[in-house]
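With the first letter of the sequence shown counted as 1, position 131 gets the number 131 in full-length UniProt numbering; the numbers rise by one all the way through.
By construction, the Cβ of each residue, glycine as well, lies at the ideal position given by its N, Cα and C atoms.
Keep in mind that this is a model prediction, so the values were computed, not measured.
Reading through the structure tokens given below for one structure.
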Amino acid sequence: MSSSSSCRFYEAEFPEPDEVVMVKIASINDLGAYVLLEEYNNIQGMISVADLSRRRIRSVQKLVRVGKNEAVVTLRVDKEKGYIDLSKRQASPEEVRKCQEKFERSKTVHSIVVNVAKNLGLEAEDLYKRFGWPLYKKYGHAYDAFKLAITDYDEVLGEYNLEPELKKELMTFITRRLAPKNSKLRADFEMTCYSFQGVEAIRKALKAAEAVSTKETDLQVRLIAPPEYVITTTSVNKDRDIKLMEEALAAADRVIREEGGMIKVTMRPKAVTEHEEKELLAAMEYAERSVAQIAGDDDDSDQDGELD
């Protein structure tokens, strides 16, 4: 059986009246714009001039452009004749935003299904019928189901009894497209304590910060150059672990204050770029070289004294 990507995204062959859909402008004339509904296997629809804008318009070309995607409201559907009337002006900003989000998620699901079908010589529609559309019904959107399948395949897809080859291919594409991406997180702070046990107090506070680590997230506290320190971690859940780093800073703050010291956060926890990560490593390496240079100078001074 040959692979085919000519397939609608959803089980329904046509949109329902009042449904907001994403269309691509195919052509324009004085009557309005002819469009293709990608979610529904590129069936054709039309937006009349009156439904393009709430304002009076002199030129259709100034409102829509061939090849551009637009979120529009479905007005009428004649399934027998294949006519679909649509309205751009009736789509509210919030409806447009939700439609764009849904379309991007559906397009990702479609890409996964089509690529799996292509690689295995299957029909995309057959895969949709087998598990894609049932997942839309059960989870609201197959995108959410696919994301859950990364950590719990049996719960999400076990009931469909997929052959080993199909299971492997499907999970390969799901993981490649939907697995959480790692983020580098970082927080910078200065810590000082001038009491008799100041060095030990700082060490104790730094350990308290690291102790906030969880099984999922390992926090590392490192010295940049006294009194500057940094907390870093690699995260698959940025929002959760930024909160965890805030807790680590609070833990260090409690301990150092009890010992008569203080902490000053110079950069709140945030995701950092690769460039910022390189800058941090460079700063730490420079500090290490400086310490080594000072130690070397001290050794030279001692030797000079002995020679005298």
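Environment of G132 [buried if 16+ CB atoms lie within 10 Å]: So G132 ends up on the buried side.
Hey, how far is the Cα of E159 from the Cα of V96? Each residue's Cα considered, the two are about 35 Å apart.
Buried or exposed for K88, going by 16 or more other Cβ atoms inside 10 Å? buried
List the residues that DSSP assigns as beta-bridge partners of Y83. D78
Selected residue, minimal CA-CA separation from E258, among Q197, F189, K215: Considering only alpha carbons, the answer is Q197.
Roughly how many whole angstroms lie between the Cα atoms of R240 and I47? 45 Å
Which one of V236, V109, D144, T192 has the shortest CA to CA distance from E228? T192
Selected residue, minimal CA-CA separation from T234, among T214, K102, R76, C99: Looking from the CA of T234, the closest CA among T214, K102, R76, C99 belongs to T214.
Counted within 10 angstroms of its Cβ, other Cβ atoms place Y83 as buried (16 or more) or exposed: With fewer than 16 Cβ atoms within 10 Å of its Cβ, Y83 is classed as exposed.
For E163, is the classification buried or exposed, using 16 other Cβ atoms within 10 angstroms of its Cβ as the cut-off for buried? exposed
For a quick check, are the C-beta atoms of A205 and A248 less than 7 Å apart? no
Chain-order list of residues whose beta-carbon lies under 6 Å from that of M284 (same chain, five-residue window excluded): I224
In the structure shown, what three-state DSSP assignment does E306 receive? Model confidence at E306 stands at a pLDDT of 46, short of 50, so the residue's coordinates are unreliable; what they give is reported in the following sentence. In the structure shown, E306 sits in a helix (DSSP, three-state: H, G or I).
Just tell me which of L120, G121, A142 has its CA closest to the CA of Y128. A142
Coarse secondary structure for L178, derived from DSSP in three states: helix
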